[in-house]
């Protein structure tokens, strides 16, 4: 009784503190949001001029992160909505709608009258009702200088059959927020967590709301038990029985004036509905203790439901905070959570079939001996960081830094065997490490679009598209390569940054075009074939080598010898690293 009473008292105290903080944040954010509301209204006036649905074929979408990628419930299509892009000086927000045709490997842009305002860090969920519906809730809009934020609390539905947007106005829903999570569960949308930020304050949430897809009404859930601490960017998954699973996430708190401490959460919870189907469902929180190998702590990971009742986690970043800087380790690994078995395990590529055949033919005896040796050895308790070299199909040597569980590598092979397997390894390509990518699964195939990684103070925003068959886990396929010409980075300028604010927040296509020649000149100037790659930046090179090789190849052309391309890529990376440091 005593312990329970203390916990309840502590819980009520935390609720009061959170309520006070929310009022404080709300007051300070009100003025900021009023300023941004006028800017958002201008954009909506521009959107209102669109009076008909226009669908046009187009190149792949520009680089972005924190958008939403959703699988069409009836067609072989993926739907991309919103997102953001930062070029070092300005923040660009999008409300564009793109459709990716899986069979044709082609993109089209869909312009529909009266869309939701520009946003990022929102949530989207698809339901199969009436030919398919895409539901969008919340997210944020940022001023072009990235110093003011508007957090949405609106709910929209895209009717996929009729290609029409509709705003659903229902009271009693969650407050404005971004970084929250939303899933479709039975005939409800369940929203959890997120954060609200103003110029000086912020608050993280752990509340739960349900939107009924039949009555179009919101209700705030009041689960019993001890639930997750406030957080954003967590994993949120539904079980076949209609329960909700929460894992990980990020939050920060102010420990003293102007000093914040971030927390990477690694705990896991189950939100279970009791009395499902009755007028009043009772929800209960309980803590989960999964078996297996959990992902290393990280934020900015992406999540999607995979086949066989599994949830998939991809990528993310683990920031190492030092006295005056933050250095991030980015990931491109896959982890699965088996809902039925309550077990985590890493998704390790099996390699192409041709590679397997060659290994069986040439190394059958060694494989049998290795198999016996593996049985004697115990697997490592936790994940192991390895650096491996693979050869792409064009002969490029790529160094990939990865955190996996299991043996850190195979025995060294004779040179003859390495040559024998070159053809198979040539097919081995992976998305570069990144955070805040957009994921979707269709017909058991995972699609990964965009995201970002950082090097020093520079942010690289991506626009590539990769896929992998989750039933086979043999190899990644590159559907859209990263275009180095889309990489624009402007150092902070002392000039008036208020110019073209409207243009910048609107989407920045004109800005990207106008700077294309400049960026090409900069890329040309970065080529230093005579510079020998140094040893001062091995970690940096391991994380970003694939990007520099693509950039070098784009500049040098398809006829350039691979050794020279790699040499130039290393030199470009070295130059950039030294300039950044």
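Residue numbers (the working numbering): 110 to 690.
The beta-carbon is built from N, C-alpha and C at its ideal position, and this holds for glycine as well.
Given the structure is predicted, the values throughout are model-derived calculations rather than measurements.
Count the C-beta pairs between the stretch 439-457 and the stretch 397-409 that are closer than 8 Å, then say yes if the count reaches three, no if not. They touch, by the three-pair rule.
Measure the C-alpha to C-alpha separation of residue 234 and residue 567 and round it to an integer number of angstroms. Spanning the two alpha carbons is a distance of roughly 32 Å.
Assuming residue 380 contacts residue 352 (C-beta within less than 8 Å), just tell me the rounded distance between them. Rounded, the Cβ-Cβ distance is 6 Å, consistent with contact.
Check whether the Cβ atoms of residue 321 and residue 336 sit closer than 8 Å, and answer yes or no. No, the Cβ-Cβ distance between residue 321 and residue 336 is not below 8 Å.
Give me the Cβ distance between residue 257 and residue 144, rounded to the nearest whole Å; I'm assuming they're in contact under 8 Å. Approximately 7 Å separates the beta-carbon atoms of residue 257 and residue 144; this is inside 8 Å, confirming the contact.
Drop a sphere of 10 angstroms on the beta-carbon of residue 396, count the other beta-carbons inside from all chains shown, and report buried for 16 or more, exposed for fewer. By the 10 Å Cβ count, residue 396 comes out exposed.
What does DSSP give as the partner residues of residue 578 in its beta bridges? DSSP, once it has assigned bridges, lists 554 as partnering residue 578.
DSSP three-state label for residue 152, please. The answer is helix: DSSP assigns residue 152 an H, G or I state.
Can you tell me whether residue 369 is helix, strand or coil according to DSSP? DSSP places residue 369 within a strand segment (E or B) once states are collapsed to three.
For residue 458, the residue or residues it bridges with in DSSP: Paired residue(s): none; residue 458 is not in a bridge.
Output the distance between the C-alpha atoms of residue 467 and residue 580, rounded to the nearest integer angstrom. Confidence in residue 467 is poor, its pLDDT being 41 and thus under 50, which makes the residue's placement too unreliable to answer from.
Helix, strand or coil for residue 669 per DSSP? Coil.
List the DSSP bridge partners of residue 547. Per DSSP, 558.
Distance, Cα to Cα, residue 325 vs residue 295? Cα-Cα distance, rounded: 14 Å.
Quick check: what's the CA-CA separation for residue 152 versus residue 230? Per the coordinates, the alpha-carbon of residue 152 lies some 19 Å from the alpha-carbon of residue 230.
DSSP three-state call for residue 443: helix, strand or coil? Strand.
What residues are listed by DSSP as bridge partners for residue 438? Beta-bridge pairing links residue 438 to 427.
Does DSSP put residue 595 in a helix, a strand or coil? Of the three classes helix, strand and coil, the one that applies to residue 595 here is helix, per DSSP.
Span of the beta strand (DSSP E), counted from its first residue to its last, around residue 235: Looking at the DSSP string, the run of the beta strand (DSSP E) that includes residue 235 is 232-236.
Can you tell me whether DSSP reads residue 402 as helix, strand or coil? Looking at residue 402 - three-state DSSP - the assignment turns out to be coil, as it is neither helix nor strand.
Would you mind sorting residue 677 into buried or exposed? The rule is 16 or more other CB atoms within 10 Å of its CB. Result: buried.
How about residue 369: is its Cβ closer than 7 Å to a heavy atom in the ligand GTP? In terms of ligand content, the structure shown is empty, and the ligand GTP therefore cannot be addressed.
Option nearest residue 654 by Cα separation, candidates 675, 670, 669 and 668: With distances taken between Cα atoms, residue 654 lies closest to 675.
Please state whether DSSP places residue 144 in a helix, a strand or coil. The answer is helix: DSSP assigns residue 144 an H, G or I state.
Buried or exposed, going by whether 16 or more other CB atoms sit within 10 Å of the CB of residue 323? Exposed: under 16 other Cβ atoms inside 10 Å.
Using DSSP's beta-bridge definition, name the partner residues of residue 317. DSSP lists 301 as partners of residue 317.
For residue 210, the residue or residues it bridges with in DSSP: 186 and 215, per the DSSP bridge assignment.
Do you know offhand how far residue 346's Cα is from residue 292's? Approximately 7 Å between the Cα atoms of the pair.
Cβ-based burial, residue 489 [other Cβ within 10 Å; buried from 16]: Annotation note: pLDDT 43 at residue 489 (below 50); position unreliable, coordinate value reported separately. By the neighbour-count rule (16 or more Cβ atoms within 10 Å), residue 489 is not buried but exposed.
I'd like to know whether the C-beta atoms of residue 669 and residue 178 end up nearer to each other than 8 Å. It is not a contact, given that the beta carbons lie outside the stated cut-off.
Length-filtered (4 minimum) alpha helix (DSSP H) runs lying within the stretch 233-268: For the alpha helix (DSSP H) assignment, the stretch 233-268 encloses no uninterrupted run of at least 4 residues.
Return the residue from the list 419, 238, 372 and 356 that minimises the CA-CA distance to residue 394. Residue 356 holds the alpha-carbon nearest to the alpha-carbon of residue 394 among 419, 238, 372 and 356.
If you scan the stretch 320-346 from start to end, which runs of the beta strand (DSSP E) of 3 or more residues do you find wholly inside it? Here the runs fully enclosed are 326-329.
For residue 273, list the residues DSSP reports as bridge partners. In DSSP, residue 273 forms a bridge with 268.
Segment limits, beta strand (DSSP E) that includes residue 164: According to the DSSP assignment, residue 164 belongs to the beta strand (DSSP E) that extends over 163-167.
If you measure between the beta carbons of residue 250 and residue 228, is that distance less than 8 Å? Residue 250 is a Cβ neighbour of residue 228, given a cutoff of 8 Å.
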